[in-house]
Amino acid sequence: MLTSLSLFDPAVLTAWARRASADDFVRQHSVLADVCVALRNTETGEHIWLTVSEQGVQAGPGPREVPFWLEGDSAAFADLAQGFPFNRLVRQHRLVVGGDLRACVQNWMLLYALTRLTGELGV
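Per our numbering: the sequence shown = residues 389 to 511.
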């Protein structure tokens, strides 16, 4: 049985930011756009945020002002942590986009580049 990592765990968040910083696909798309996104767990109240720009990737716990965020329950974030595509979780209404939807759509590829790495996290 696979044990799901929690994206809200500081060690996992650090590993995610480190992997994203070294990822060519993330780097390629950060030249075209910047993204600052938060993840909010509606069951636990936990928040994390990630920022990707040409200067690098930063991440941290807690709330932060962001243009948009993804929120959902623990099961949705467990699936995201195992590599389930965020856009499919949104289409299934398991993750909801909050805030400026236009900013989310404009940064869709960079958001995909960032979230696709979650399935590779083996902290």
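Cβ atoms here follow ideal geometry from the backbone N, Cα and C, with glycine treated the same way.
Counting the other CB atoms within 10 Å of its CB gives leucine 477 a total of 16 or more, which places it among the buried residues. By the beta-carbon neighbour count (other beta carbons within 10 angstroms, threshold 16), histidine 417 is buried. If you draw a 10 Å sphere on the C-beta of threonine 503, you find 16 or more other C-beta atoms in it, and that means buried. Each of Val445, Gly433 and Phe413 was checked against the Cα of tryptophan 404, and the nearest Cα belongs to Val445. Under the 10 Å beta carbon count, alanine 410 is surrounded by fewer than 16 other beta carbons and is classified as exposed.
When the five nearest sequence neighbours on each side are left out, the beta carbons in the same chain lying within less than 6 Å of the beta carbon of cysteine 424 are those of Thr439 and Val454, in order along the chain.
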